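Residues in the sequence shown are numbered consecutively from 2, following the numbering used here. We treat Cβ as the ideally placed atom computed from N, Cα and C, and that holds for glycine. None of these values were measured; they are calculated from a predicted model. Input: a single structure, listed below in structure tokens.
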Amino acid sequence: MSSKKILRAVSVVSLGTIIARVFGLAREITTANFFGTISIYDAFLLAFMIPNFFRGLIAEGALNTAFIPVFTDYALDEKHKEEGKDIFNICFTLSLIITATLFILVLFASLISTRIISETSRWYYVWLLLKFTFPYLIFISLAALNTGVLNAYKDFFLPALSPVVLDLFWIAALFLIIPFFPGIPERQIFVLCIGLLAGGLGQFLFTLVPVLKRGYRLRLNTNFSHPAVKKMGLLLAPMVIGVAVTPINLLVDNTLANTLYEGAVSGLWYSTRIFQLPLGVFAISISTAVLPWFSENISTKNHNEFVKNLIFATRMLVFLLLPFTFGMIIMRKEIVSFLFARGMFTARSVALVASPLAFYSLGLVGYGGASVWGRAFYACKDTATPVKVGLISIFINFILDIIFMKFMGHNGIALSTSIVGITNFVLLIILFNRKHLYIDIKKEASFFLKIFLASSIMGCILYVYKITAESFLSLSFLVFSCIIISVFIYILSTKALIKIQELKG
């Protein structure tokens with residue numbers, strides 16, 4: 002029964018995420034048309050990634066991962082329901098104080114840096130734009146808190162849909178304001194800052210409405226000595242490092258890419274947008290949906306059900322993500338050209354994006370699996386182990402970046418990212434078996450091998466069809482026909498190799 006509930010929750014999250022990703026893709030397509038992979042857009046992306054780094058660190062990562070388990074204990078208990086509302090307002094106050102303080106520090110750093118760095122430096126515009134992009138962190142952190150409340154009530158759809166608000170404001174700013182600054186990218190780029198801030202505020206308000214409907218009210222509450230705050234603090238301190246892994250690696254990757262050549266940062270950015278489509282729709286949806294069930298199973302000491310749910314989530318993840326790895330590697334150039342090749346997005350831009358996409362795709366299952374198994378540790382209230390794995394992966398990522406980028410440019414950065422994702426996944430499985438419940442992953446080898454075989458069959462047929470049809474089909478028809486053929490072949494292959502009971506474990 003639990004598998005059906007998880008599947009239903011995943012479907013709801015996936016639906017909202019798919020809609021959000023479609024709008025997000027529309028945003029990237031629109032932006033690519035105006036800016037392509039020019040250096041000023043590289044600068045904006047780095048200035049945007051810095052508040053996003055803190056967002057991943059203290060908002061959607063550590064805060065929610067520590068907030069949801071503790072908040073759920075209060076909010077869903079009739080005796081402590083009102084206390085749950087107090088905890089929400091305490092966390093609201095803390096988020097406001099932390100993010101506002103960070104903004105003031107960044108504002109001073111930006112003002113000083115733009116005075117001492119030459120305008121010809123690749124870093125000048127990064128610091129200049131940072132003071133305009135950083136306030137986004139305040140809005141998105143509060144929106145993440147709202148999302149945590151809704152997820153605790155197993156309301157997944159609206160939070161998954163909320164990024165659409167940012168996309169709409171971003172796109173509107175591009176179309177409505179940029180025409181007033183024709184041919185001046187250095188001025189046009191500030192339009193993106195306007196769209197970003199308006200979108201962040203919109204996301205906060207969009208997620209606040211359903212929270213208010215549940216009887217919550219926004220109030221400043223400085224009762225930081227509340228026992229729940231201490232509980233969250235114990236979870237939060239080590240978890241900050243654990244959830245910081247991806248944001249830190251992303252920031253390191255793009256900081257190093259900014260030392261290479263024009264378009265390196267943009268190339269990695271666009272390719273990760275494509276890479277994160279299946280990752281966001283399936284992996285993040287699954288890991289978001291299973292956390293409440295994992296926590297419930299551990300809380301009630303129903304370990305057998307916990308193991309079943311973890312295996313089910315892992316199988317479903319591999320089943321959904323592995324064919325995307327094959328498809329994106331084979332169709333990388335066609336996908337990038339179909340999505341972005343217009344306006345300022347030139348043939349050079351296509352090459353800058355398509356190559357790293359292939360290397361990122363290798364890590365799809367690794368990152369998806371690490372996301373699910375990371376939630377298993379959090380449900381067990383073990384935050385120390387993911388922290389250790391995170392520290393190891395940060396070190397590995399930095400070393401591999403330095404080595405690979407010397408020979409492969411920004412493609413090497415993408416390859417090191419995938420290696421880190423796979424390493425994380427493997428380490429989490431090994432350590433979970435040692436420290437918590439033993440799960441004989443070797444028993445799953447047969448299932449994973451069948452999925453690999455089905456994906457390989459799909460990949461071979463897709464490749465033959467592509468090289469045969471590309472000479473006489475238009476790009477759009479080629480891409481759509483390849484998608485249809487891939488899905489059809491994969492379904493047939495999996496039907497021949499796998500029984501539905503195997504997917505359920």
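Determine the contact status of residue i and residue j, defining contact as a CB-CB distance below 9 Å.
{"i": "Y126", "j": "I41", "result": "yes"}
{"i": "T94", "j": "N250", "result": "no"}
{"i": "P387", "j": "F396", "result": "no"}
{"i": "V1", "j": "F339", "result": "No answer is possible for residue 1: the residues shown for the chain start at 2 and end at 506."}
{"i": "L131", "j": "A48", "result": "yes"}
{"i": "F346", "j": "G37", "result": "yes"}
{"i": "P324", "j": "M459", "result": "yes"}
{"i": "S286", "j": "T115", "result": "no"}
{"i": "L401", "j": "V421", "result": "yes"}
{"i": "I118", "j": "E263", "result": "no"}
{"i": "L235", "j": "L143", "result": "no"}
{"i": "N34", "j": "G344", "result": "yes"}
Can you look up residue i in the DSSP assignment and give me helix, strand or coil?
{"i": "L112", "result": "helix"}
{"i": "I486", "result": "helix"}
{"i": "E445", "result": "helix"}
{"i": "T384", "result": "coil"}
{"i": "M2", "result": "Bear in mind that the predicted position of M2 carries a pLDDT of just 45, short of 50, making it unreliable; the figure below should be weighed with that in mind. Note: M2 maps to coil in three-state DSSP."}
{"i": "R9", "result": "helix"}
{"i": "W124", "result": "coil"}
{"i": "D156", "result": "coil"}
{"i": "F49", "result": "helix"}
{"i": "I492", "result": "helix"}
{"i": "I19", "result": "helix"}
{"i": "K334", "result": "helix"}
{"i": "Y466", "result": "helix"}
{"i": "P183", "result": "coil"}
{"i": "G57", "result": "helix"}
{"i": "F473", "result": "coil"}
Starting from the C-beta of residue i, find all residues in its chain whose C-beta is less than 6 Å away, skip the five residues before and the five after it, and write them out in chain order.
{"i": "L416", "result": "F360, F405"}
{"i": "W171", "result": "R28, G196, G200"}
{"i": "L432", "result": "T386"}
{"i": "L108", "result": "K132"}
{"i": "S362", "result": "T326, M329, I330"}
{"i": "S296", "result": "P70, A380"}
{"i": "A245", "result": "L58"}
{"i": "N298", "result": "E306, F307"}
{"i": "T495", "result": "A455"}
What separation, rounded to the nearest whole angstrom, lies between the Cα atoms of residue i and residue j?
{"i": "T100", "j": "G391", "result": "24 Å"}
{"i": "C92", "j": "L146", "result": "8 Å"}
{"i": "A371", "j": "V308", "result": "16 Å"}
{"i": "I178", "j": "F473", "result": "40 Å"}
{"i": "F205", "j": "L162", "result": "12 Å"}
{"i": "G201", "j": "A497", "result": "47 Å"}
{"i": "S475", "j": "V212", "result": "48 Å"}
{"i": "L219", "j": "V337", "result": "44 Å"}
{"i": "G57", "j": "T469", "result": "44 Å"}
{"i": "N255", "j": "G25", "result": "20 Å"}
{"i": "G328", "j": "I105", "result": "45 Å"}
{"i": "Y464", "j": "C483", "result": "9 Å"}
{"i": "T32", "j": "L358", "result": "19 Å"}
{"i": "M2", "j": "P70", "result": "Bear in mind that the predicted position of M2 carries a pLDDT of just 45, short of 50, making it unreliable; the figure below should be weighed with that in mind. Between M2 and P70, the C-alpha separation is close to 22 Å."}
{"i": "V165", "j": "V23", "result": "9 Å"}
{"i": "M50", "j": "L261", "result": "18 Å"}
{"i": "I403", "j": "A258", "result": "10 Å"}
{"i": "N425", "j": "P180", "result": "46 Å"}
{"i": "L16", "j": "H437", "result": "33 Å"}
{"i": "N434", "j": "K443", "result": "12 Å"}
{"i": "F43", "j": "T121", "result": "Reading off the sequence, residue 43 comes out as Asp, not Phe. Taking the straight line joining both Cα atoms gives about 14 Å."}
{"i": "G203", "j": "I141", "result": "9 Å"}
{"i": "T73", "j": "V150", "result": "8 Å"}
{"i": "S272", "j": "V354", "result": "5 Å"}
{"i": "H411", "j": "P186", "result": "24 Å"}
{"i": "R215", "j": "P160", "result": "15 Å"}
Near residue i, what residues of its chain come up, given a Cβ to Cβ distance below 7 Å and the 5 sequence neighbours on each side ignored?
{"i": "F449", "result": "V319"}
{"i": "I546", "result": "Examination of residue 546 is not possible in this model, given that the chain is present from 2 through 506 alone."}
{"i": "A76", "result": "K82, G85, A153"}
{"i": "M233", "result": "A67, F68, V71"}
Leaving out the 5 sequence neighbours to the left and right, which residues in its chain are closer than 8 Å to residue i when beta-carbon positions are compared?
{"i": "L103", "result": "F55, F135, L138"}
{"i": "T315", "result": "G370, V373, W374, E445"}
{"i": "F182", "result": "R188, Q189, V192"}
{"i": "L322", "result": "P279, L280, F283, A284, L365, V366, G369"}
{"i": "K407", "result": "G413"}
{"i": "D383", "result": "K436, H437"}
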